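Enquirer: Chains as they are written, first to last, in the working numbering: chain A, 1 to 496; chain B, 497 to 583.
(1) Label residue 185/A either buried or exposed according to how many other C-beta atoms from any shown protein chain fall within 10 Å of its C-beta, with 16 as the threshold for buried.
(2) Taking the alpha-carbon of residue 444/A as reference, which of 453/A, 438/A, 305/A has the nearest alpha-carbon?
(3) At a CB-CB cut-off below 8 angstroms, which residues of chain B make contact with residue 54/A?
(4) Is residue 82/A buried or exposed, if buried means 16 or more other CB atoms sit within 10 Å of its CB?
(5) Which residues in the same chain as residue 208/A place their Cβ atom closer than 8 angstroms to its Cβ, once the five residues preceding and following it in sequence are excluded?
(6) How is the alpha helix (DSSP H) around residue 294/A delimited, first residue to last?
(7) Can you give me the C-alpha to C-alpha distance between residue 64/A and residue 296/A, rounded to a whole angstrom?
(8) Mind the definition here: the region 308-319 of chain A touches the region 178-194 of chain A only if three or more C-beta pairs lie below 8 angstroms; say whether that holds.
(9) Would you say residue 574/B faces chain A, with C-beta separation under 7 angstroms as the test?
(10) Based on the DSSP secondary-structure assignment, which residues constitute the bridge partners of residue 516/B?
(11) Applying a beta-carbon distance threshold of less than 7 angstroms, which residues of chain B neighbour residue 319/A?
(12) With a threshold of 6 angstroms on Cβ separation, who are the neighbours of residue 427/A within its own chain once the five nearest residues in sequence on each side are excluded?
(13) Against chain B, does residue 497/A count as a neighbour if the rule is that its beta carbon must be under 7 angstroms from one of theirs?
(14) List, in chain order, every chain B residue whose beta-carbon is nearer than 9 angstroms to that of residue 58/A.
(15) Under a CB-based cut-off of 7 angstroms, is residue 537/B close to chain A?
(16) Run down chain B in chain order and give the residues with a C-beta less than 7 angstroms from the C-beta of residue 152/A.
(17) At 9 angstroms on the CB atoms, spell out the chain B contacts of residue 453/A, in chain order.
(18) With a threshold of 8 angstroms, are at least 3 pairs of Cβ atoms found where one atom belongs to the region 155-165 of chain A and the other to the region 190-198 of chain A?
(19) In the DSSP assignment, the alpha helix (DSSP H) including residue 192/A goes from what residue to what residue?
(20) Out of 461/A, 456/A, 216/A, 489/A, state which residue places its alpha-carbon closest to the alpha-carbon of residue 522/B.
(21) Is any beta-carbon of chain B found at less than 7 angstroms from that of residue 292/A?
(22) Determine whether the Cβ of residue 22/A lies closer than 7 angstroms to any Cβ atom of chain B.
(23) Near residue 564/B, which residues of its chain fall below 7 angstroms by C-beta distance, leaving aside the five closest residues on each side in sequence?
(24) I need the DSSP call for residue 396/A, collapsed to helix, strand or coil.
(25) Which residues in the same chain as residue 526/B place their Cβ atom closer than 8 angstroms to its Cβ, once the five residues preceding and following it in sequence are excluded?
(26) Give every residue of the same chain whose Cβ lies closer than 7 angstroms to the Cβ of residue 488/A, excluding the five residues on either side of it in the sequence, and list them in chain order.
(27) Is it a yes or a no for the region 242-258 of chain A touching the region 221-228 of chain A, going by three-plus beta-carbon pairs under 8 angstroms?
(28) Quick check on this structure: which residue in 21/A, 332/A, 293/A, 222/A has the alpha carbon closest to the alpha carbon of residue 67/A?
(29) Under 9 angstroms Cβ-Cβ, which residues of chain B neighbour residue 300/A?
(30) Taking residue 257/A and residue 155/A to be in contact with their CB atoms under 8 angstroms, please state how far apart those CB atoms are, rounded to whole angstroms.
(31) How close, in whole Å, do the beta carbons of residue 459/A and residue 440/A come, if the pair is a contact with beta carbons under 8 angstroms?
In structure tokens:
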């Protein structure tokens, strides 16, 4: 009888557990996690903060579900993995044996490193306990300051605003989330946030957190201003939790390196979810995603492989839906716009022009099997996220506050596609397409989501768009109508 | 004016009765807003996890879950039941 051991209770681990049970009903499964709240919707914390959701609803599984899965759950911190003995050690010294081990430890917020960051009233948003602490400190009508780029920082800002706090949102870049959004999209989000009553300070950093009697009273910004605040929340990026794996001698870069069967460099040990750095055949290197659906799919593949059913995880086109300033936004595939150094077709009205050749050249993806300790391929170093997970901010790509990666983020979005940008829309309905030679490479859909499901399919399956390509690229083309017509004629329809 | 209002309300209701709620699991993060807002307590989130349409006979197709989902997971998909009636 196989003994399975899973570290973590996030979606990767739960999905692995389900997958193991779908293959092996008899094996002994133990699940160990230091999160006292077990399995809950981590992305749902954003809606818990806004008050759209009660806390009890964050838990998708009830007692009956867990008993159906027939596993033993341990609430404990794992202190060591001993691969040669096939055991793990829990804090306190108890040991658990395994035949197959999954590391699904997730990721954690990078700390804010400014004086005063240890004061009471400084918050992050890693887990349910953090969300509870935030809500316990939020006071209607009182000032709060939020800092960081990306989705989580905005979720913090919007959560606190909807609790009646006066939010001052500080970010380092010139505009909101420049690594993924183009200028128009950033401006749409910013204007919606201002309309909600938020104050925005772009191109600004928190240099010091001020306090009295151990409690936050405000922050000093890089422009010299002092902003009063009862509460400071930050989200400047995350780092995969790889300490255990690294100490056990498992090959890691920024995350735990895995092959397409989610196997690490040591036999019998697997990794999945935010902690894992998976091979991306399209990019020819290992990349980080911090997204719910890939974590679930990786967990499923890991679980099946652990139970002896060979299953490949094929990293698909990165895809996420999020809500920014109340606006539903779907991000599919490669959507990066060139850095300000590169001339780019700007603004509505002007005809889009082809982008200058990009330095990547044709990517020659090495065989997925030959990848394990391999480096980053031939990509010029300035296009790569920092290998240490630090310092990528601002390097070449105007990342601003985000160090390497944030929650709800995929590095693959930042691949510069060989594409021409076609865009249309205004205010809250906007569509941007990255148009490749024969198919679409990426898209951002803001507001109305009717086209987002068909676009997902067109991009993922590389549906040939030659019949409409010229139309899409015509000046001021109604690209949404052209696409809708194309889909109506049977291209990119769901479910076939 | 009232006639126009009536017509659009009728169209809306027809769409609701002819449809079933269908999830796109790849968009879902299991936050539970759908289940939270279901007036008769269907666990819509579970359907989204399993990738199954809400075929629960108690479903009113009221559209609360579809409208409240922050990630556009849920849509109404036409069932064949009324297909002929709607030309």
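Cβ coordinates follow ideal geometry from the N, Cα and C atoms, glycine included.
All figures in this text were calculated on a predicted structure; none of them were measured in a lab.
Expert: The structure says:
(1) The residue is buried, with at least 16 neighbouring Cβ atoms inside 10 Å.
(2) The option with the nearest alpha carbon to residue 444/A is 453/A.
(3) Within chain B, the C-beta atoms nearer than 8 angstroms to that of residue 54/A come from 532, in chain order.
(4) With fewer than 16 other Cβ atoms from the protein chains shown falling within 10 Å of its own Cβ, residue 82/A counts as exposed.
(5) Contacts found: 114, 115, 116, 219, 220.
(6) Residue 294/A -> alpha helix (DSSP H) spans 292-306.
(7) Whole-angstrom Cα-Cα distance: 21 angstroms.
(8) Note that the region 308-319 of chain A does not touch the region 178-194 of chain A; fewer than 3 beta-carbon pairs, one per stretch, sit closer than 8 angstroms.
(9) By this cut-off, residue 574/B is not an interface position.
(10) 573/B, per the DSSP bridge assignment.
(11) Taking a Cβ-Cβ cut-off of 7 angstroms, the neighbours of residue 319/A in chain B comprise 522, given in sequence order.
(12) With a pLDDT of 48 at residue 427/A, under the threshold of 50, the modelled position of this residue cannot be trusted, and the question is left open.
(13) Since the first residue shown for chain A is 1 and the last is 496, residue 497/A is missing from the structure and cannot be characterised.
(14) By Cβ distance, chain B contributes 526, 527, 528.
(15) Not closer than 7 angstroms to any Cβ of chain A, the Cβ of residue 537/B fails to qualify, so no.
(16) Near residue 152/A there are no residues of chain B at all, since even the closest Cβ is about 13 angstroms away, more than 7 angstroms.
(17) Going along chain B in sequence order, the residues near residue 453/A (Cβ under 9 angstroms) are 520, 523, 568, 571.
(18) In short, these stretches touch, since the Cβ pair count reaches three.
(19) Unbroken alpha helix (DSSP H) run through residue 192/A: 183-195.
(20) Of 461/A, 456/A, 216/A, 489/A, the residue nearest in Cα terms is 456/A.
(21) So yes, residue 292/A belongs to the interface.
(22) So, not an interface residue.
(23) Excluding sequence neighbours, residue 564/B sits near 529, 530, 533.
(24) Annotation note: pLDDT 31 at residue 396/A (below 50); position unreliable, no value reported.
(25) 541, 544, 545, listed in sequence order.
(26) For residue 488/A, where only same-chain residues beyond five positions count, there are no Cβ hits under 7 angstroms.
(27) The way I'd put it, the region 242-258 of chain A doesn't touch the region 221-228 of chain A; fewer than three beta-carbon pairs between them come closer than 8 angstroms.
(28) Checked all of 21/A, 332/A, 293/A, 222/A; the closest Cα to residue 67/A is 21/A.
(29) By Cβ distance, chain B contributes nothing, its closest Cβ being about 12 angstroms from residue 300/A, past 9 angstroms.
(30) Not quite, the Cβ-Cβ distance comes to about 30 angstroms (not below 8 angstroms), so this is no contact.
(31) Between residue 440/A and residue 459/A the Cβ distance is about 5 angstroms, and since that is below 8 angstroms, they are a contact.
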